[in-house]
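Read the structure below first, then the notes.
Protein chains: 2
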Amino acid sequence: MIPQKTFVSPKIIFGRGYLKKLATVLLEEKIGNNIVYFIDGFFTNSGFEKVLTFTGNELFFYVDTKEEPKTEDIDKFVSNIKESMTSQSDVIIGIGGGSVMDVAKAVSILLTNAGLAEDYQGWDLVKNDPIYKIGIPTLSGTGAEVSRTAVLTGPKKKQGINSLKSMFDYIILDPELLQTVPKEQRFYTGMDCYIHSVEAINGNFINNFSHAYADKALQLCEEVFLGNKGDDDLMIASMFGGYSIVYSEVGVCHALSYGISLAYGIHHGEANCIVFDQLDEYYPQHVQLFRKMLNKYGIQLRKGLTKNITPKLLDKMVDATLLMEKPLSNALGANWQDVFTRKKIKELFLKM
Amino acid sequence: MIPQKTFVSPKIIFGRGYLKKLATVLLEEKIGNNIVYFIDGFFTNSGFEKVLTFTGNELFFYVDTKEEPKTEDIDKFVSNIKESMTSQSDVIIGIGGGSVMDVAKAVSILLTNAGLAEDYQGWDLVKNDPIYKIGIPTLSGTGAEVSRTAVLTGPKKKQGINSLKSMFDYIILDPELLQTVPKEQRFYTGMDCYIHSVEAINGNFINNFSHAYADKALQLCEEVFLGNKGDDDLMIASMFGGYSIVYSEVGVCHALSYGISLAYGIHHGEANCIVFDQLDEYYPQHVQLFRKMLNKYGIQLRKGLTKNITPKLLDKMVDATLLMEKPLSNALGANWQDVFTRKKIKELFLKM
């Protein structure tokens, strides 16, 4: 195994209004006629079907993103596609936020690999080449558009399909698609990029490659959320933040935030913010800047979440945190257990 | 045609000593046994053959890089390979500076496409898939390791084989390989990155994608050549600089520097420096910083090149400059001819 490598989608186009280039991309890439769309449920009545019907052999799925995608959702989409299309689908197109990206990635794999989605959660378990896929993000910050994983919640675990075959073949970055994102969601998802870049750049695993990407991602986030830069730069920040964690790892915030999501069903971006606000001890300067951004955006974080928590639930959250060995080694060193004790973790959770 | 797109090599690994991972890469990528190396002539007696013989079916070519590669060189390499190897070669590996990168790219194409190298100079003329190729730069700044072109001098013109099929399939970035680069060459090649990033970021064609890459490339160059950053960051700067011009264009400096190279046979990096030193009018702040770098590195630029120039040669250099329409539009706008006149160009050349 090569320990550290970057694998990126080789084809990216960037520009306002570039969604309109999709038809040209399909022609140039010599893809067939059977097109399957996964579109964020947010756009259900936005008239996308009219704009995106090119061949007449399109299938449109609107993905409910209230909850993050489950393996059983993928299995249902796959059997639905197999029933609905007379021949093999030629291209999968995901238009949406991180969840929709993950659905498109996973379906493209399961259409050509037998079994259930849960069979492929893990590292490099995918055998056959997937269906050609195109990612068109409408929300920026997760980095899912450039990552090599499709995160799914299965019956046994929440884990990604980590595989080169999860990567999009083509990415269209169109900043105009960000203009309808609700303010709070834009903030929380943008902060996902900010926080994983902070964790990468302050971690032990960082190298010069990741550092360059993380540093620029942070600068762009600060210019977007504290200065006057807009969606174009937020979209680039998301891409750079995604690249920055290829060679690095997340840190203390992600280790704790999974516990918050697990216990309270709070989405990843918001959970990260709730946790990050308590991490002055680990990321002092960036937490200060984060609070400035919160103020500037008028975002009120939920408080007192754990006020009436039962000892049992608190223990479960601590257990989930302690499983995050790689992020915690990255943040605190090989002997992280000496300083990041159950007691310490509980104290942090009880502040939230 | 999609006007603006980024196509990048999807697989990059970065780290000190990573040349040693080549054997693992060949195994993991399931490449066959017939390996053709193009290695910078600089390394002729460096013992690379011993380290890089894995299968016994290797061919080693040491590339003389005193002059930039010609199409006839490529044709000779190709017939030599076809005579020497009993079966088709499986992988082409380029280890060297920009010229060696270009040779490896071009040979990989000509091994599977009939005719002569000069037949493919231009845009998207390559039909068949090339031989799998790996780029391992030993000099940083040109961006050739990530670009989609293989620049060649042919009987009719100097032009690249501009094609997706010119791109490396795999790139190994090992900063240790930079440690033997002579000081002046390191400076001039590094400045190639600095100058094309300056031209990109100050041009009219820039977008947010290129801007982020160019801005970070400039910052890294300044930290390397004015601060205390080293080869690791120079290597990343080169990659970022290469990406920055995908969506942009070069400018006034490159438009003039081809004339200098043409007339005096001066290598691209050095020619750029000689020109850039006279461009306060166009890139004032960056020229100031460039002079600080010159001083810090104790580099003495050649002076008085055009002191005894004949009117005929000067006219030829002006003609070559005026052909550079795209860089000049990028730098000076659509009406560049109104301000960048023959008289103006002559004045600039006569300062060099």
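Taken in order, these protein sequences are the chains called A and B. Per numbering that gives the first Met the number 0, the first sequence runs over residues 0 to 351. Per numbering that gives the first Met the number 0, the second sequence runs over residues 0 to 351. Even glycine gets a Cβ: it sits at the ideal position worked out from N, Cα and C.
So residue i and residue j are supposed to be a Cβ contact under 8 Å. How far apart are they, rounded?
i: B:D231; j: B:P174; result: 4 Å
i: A:K132; j: A:I80; result: In fact, because the Cβ distance is near 13 Å, the residues do not count as touching under 8 Å.
i: B:I130; j: B:G95; result: Not quite, the Cβ-Cβ distance comes to about 18 Å (not below 8 Å), so this is no contact.
i: B:L151; j: B:I73; result: 7 Å
i: B:K215; j: A:K215; result: 5 Å
i: B:N84; j: B:N33; result: A small fix is needed here, since residue 84 of chain B is Met in this sequence, not Asn. Yes, B:M84 and B:N33 are in contact; Cβ-Cβ is about 6 Å, under 8 Å.
Cα-Cα, which of the options is closest to residue i?
i: B:I194; options: B:E71, B:D168 and B:M292; result: B:M292
i: B:V35; options: B:K306, B:Q287, B:E57 and B:E28; result: B:E57
i: A:A213; options: A:A105, A:L21 and A:A199; result: A:A199
i: B:T141; options: B:E67, B:L331 and B:D72; result: B:E67
i: A:F17; options: A:I244, A:I170 and A:V274; result: In the sequence on display, residue 17 of chain A carries Tyr and not Phe. Cα-wise, what sits closest to A:Y17 is A:I170.
i: A:D89; options: A:E28, A:L219, A:I244 and A:T148; result: A:E28
i: A:F186; options: A:N206, A:K156, A:E221 and A:T152; result: A:E221
i: B:S260; options: B:G229, B:K228, B:I12 and B:K315; result: B:K315
i: A:I383; options: B:K10, B:P9 and B:G14; result: Coverage of chain A is limited to positions 0 through 351, which leaves residue 383 of chain A absent and any answer about it impossible.
i: B:C356; options: B:Y119, B:V50, B:Q184 and B:T148; result: One cannot answer for residue 356 of chain B here, as it falls past the ends of chain B, which runs 0 to 351.
i: A:E324; options: A:V286, A:T23, A:V251 and A:K75; result: A:V251
i: A:N201; options: A:P283, A:I235, A:L163 and A:K157; result: A:P283
i: B:K104; options: B:D63, B:T43, B:T23 and B:A149; result: B:A149
i: B:L172; options: B:S247, B:I30 and B:M100; result: B:M100
i: B:V102; options: B:K75, B:V338, B:T23 and B:E82; result: B:K75
i: A:R341; options: A:G258, A:K350 and A:D318; result: A:D318
i: A:C192; options: A:F42, A:V223, A:K49 and A:N44; result: A:V223
i: B:K302; options: B:Q287, B:S165, B:A22 and B:V274; result: B:V274
i: B:R147; options: B:T111, B:D279, B:K295 and B:M166; result: B:M166
Go to residue i, then tell me how far its alpha helix (DSSP H) extends in each direction, as first and last residue.
i: A:V24; result: L21 to E27
i: A:V106; result: G97 to L109
i: B:Y169; result: Not the alpha helix (DSSP H): B:Y169 falls in the beta strand (DSSP E), residues Y169 to L172.
i: B:I194; result: K182 to I200
i: B:K359; result: Nothing in the structure corresponds to residue 359 of chain B, since chain B is present only between 0 and 351.
i: B:V50; result: F47 to V50
i: B:D118; result: It is not in any alpha helix (DSSP H) - B:D118 carries neither H nor E in the DSSP assignment.
Can you give me the start and stop residues for the beta strand (DSSP E) that residue i sits inside?
i: B:P136; result: Y131 to P136
i: A:V150; result: V150 to T152
i: B:Q158; result: K157 to N161
i: B:V286; result: Looking at the DSSP string, B:V286 is not in any beta strand (DSSP E); the run it does join, the alpha helix (DSSP H), is P283 to Y296.
i: A:E357; result: The question about residue 357 of chain A has no answer here: the residues shown for chain A are numbered 0 through 351.
i: A:Y246; result: Careful: A:Y246 lies outside any beta strand (DSSP E) and carries neither H nor E.
i: B:D214; result: Premise fails: B:D214 lies in the alpha helix (DSSP H), N207 to F224, not in any beta strand (DSSP E).
i: B:K10; result: K10 to F13
i: A:D337; result: Premise fails: A:D337 lies in the alpha helix (DSSP H), W335 to V338, not in any beta strand (DSSP E).
i: A:D39; result: I34 to D39
Look at the alpha carbon of residue i and the alpha carbon of residue j, and state the distance between them as a whole number of angstroms.
i: A:W122; j: A:N161; result: 5 Å
i: B:Q3; j: B:F208; result: At B:Q3 the pLDDT is 47, less than 50, meaning the model places this residue with poor confidence; the figure from the coordinates comes in the next sentence. So the alpha carbons of these two residues sit roughly 11 Å apart.
i: B:Q336; j: B:L313; result: 18 Å
i: A:D276; j: A:G297; result: 15 Å
i: B:I108; j: B:K343; result: 41 Å
i: A:V125; j: A:A333; result: 31 Å
i: B:L331; j: B:S256; result: 17 Å
i: B:Y281; j: B:T320; result: 16 Å
i: A:G189; j: A:L233; result: 7 Å
i: A:A113; j: A:H253; result: 33 Å
i: A:Q87; j: A:G55; result: 15 Å
i: B:G268; j: B:G97; result: 11 Å
i: A:Y242; j: A:K10; result: 15 Å
i: A:K19; j: A:G134; result: 14 Å
i: B:N203; j: B:Y246; result: 11 Å
i: B:I1; j: A:Y263; result: Only weak support exists for where B:I1 lies, its pLDDT of 38 falling under 50; the value from the coordinates is given anyway. Their Cα atoms are separated by approximately 46 Å.
i: B:G153; j: B:V77; result: 16 Å
i: A:I244; j: A:S237; result: 11 Å
i: B:E48; j: A:E48; result: 58 Å
i: B:L219; j: B:H285; result: 14 Å
Less than 8 Å between the C-beta atoms of residue i and residue j, yes or no?
i: A:T70; j: A:L115; result: yes
i: B:G46; j: B:Y61; result: no
i: A:F239; j: B:A211; result: yes
i: A:T309; j: A:F348; result: no
i: A:V249; j: A:P136; result: no
i: A:G93; j: A:Q120; result: no
i: B:L217; j: B:S196; result: yes
i: A:D118; j: A:K164; result: no
Using beta carbons (cut-off 8 Å, strictly below), is residue i in contact with chain C?
i: A:A116; result: Chain labels in this structure do not include chain C; the protein chains are A and B.
Taking only heavy atoms of the ligand GDP into account, decide whether any of them is closer than 7 Å to the Cβ of residue i.
i: B:G46; result: Looking at this structure, you won't find the ligand GDP or any other ligand, since it has none at all.
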